[in-house]
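S.K.: Numbering that gives the first Met the number 0 numbers the first residue of the sequence shown as 0 and each following residue consecutively. Take a look at the following structure, please.
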Amino acid sequence: MSREIRPRRAERKPVVLAAQCRTQSGLRDSGEISDISREGCCIATRALLLRVGARVVIRPTGLEGLTGVVRWISGDRAGIEFDQPLYEPIVDHIALRHSAGEPVDIARR
């Protein structure tokens, strides 16, 4: 089963942003978003075992939850496609506010 590789529809912006990730079954973990675009983000978690096609809710620090689908997995990182694209000025604000600094601590609390 092969999946068509499509070019990205929106520019990814590098960020360092703490977030919570929750699966449809209710499992949750702290994570770190490393890039974000209107269409989705890349998140790393320590303990969640996600699978391609799984539905998730990503709650970046200071924002409402964003629903989406896991589109790819590589090690502890997963690519999430949002159900609804973000408003571009919001993505720009997130990128500006969270573009520099040290990686966030994603240790379990």
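From the three backbone atoms N, C-alpha and C, an ideal C-beta is built for every residue, glycine too. These numbers come from a predicted model, not from an experiment.
1) At the level of alpha carbons, what is the spacing between A53 and G61?
2) Can you give the Cα-Cα distance for G67 and F81, rounded to whole angstroms?
3) Just to confirm before moving on: does the CB-CB distance between R21 and V55 stay below 8 angstroms?
4) Taking only the alpha-carbon atoms, compute the straight-line gap between P59 and S33 and give it to the nearest angstrom.
5) Along the alpha helix (DSSP H) that carries A46, what are the first and last residues, could you check?
6) If I measure Cβ to Cβ from I42 and keep anything under 8 angstroms in the same chain, skipping five residues before and after, which residues do I get?
7) Nearest-angstrom Cα distance between H97 and Q83?
M.R.: Quick look at the numbers:
1) Numbered from its first residue, the sequence shown carries residue 53 at position 54. Numbered from its first residue, the sequence shown carries residue 61 at position 62. Answer to the nearest angstrom: the Cα atoms are 24 angstroms apart.
2) By 1-based counting over the sequence shown, the position of residue 67 is 68. By 1-based counting over the sequence shown, the position of residue 81 is 82. So the two alpha carbons sit approximately 4 angstroms from each other.
3) Taking the first residue of the sequence shown as 1, we reach residue 21 at position 22. Taking the first residue of the sequence shown as 1, we reach residue 55 at position 56. In this structure, V55 lies closer than 8 angstroms to R21 by Cβ.
4) In the sequence shown, residue 59 corresponds to position 60, counting from 1. In the sequence shown, residue 33 corresponds to position 34, counting from 1. Spanning the two alpha carbons is a distance of roughly 11 angstroms.
5) The count along the sequence shown starts at 1 and reaches residue 46 at position 47. Run containing A46: none; DSSP gives neither H nor E here.
6) As a first step, residue 42 must be located in the sequence shown, where it is residue number 43. Only A18, C20, G30, E31, I32, S33, I57, R76, A77 and I79 meet the Cβ criterion.
7) Counted from its first residue, the sequence shown places residue 97 at position 98. Counted from its first residue, the sequence shown places residue 83 at position 84. Between H97 and Q83, the C-alpha separation is close to 22 angstroms.
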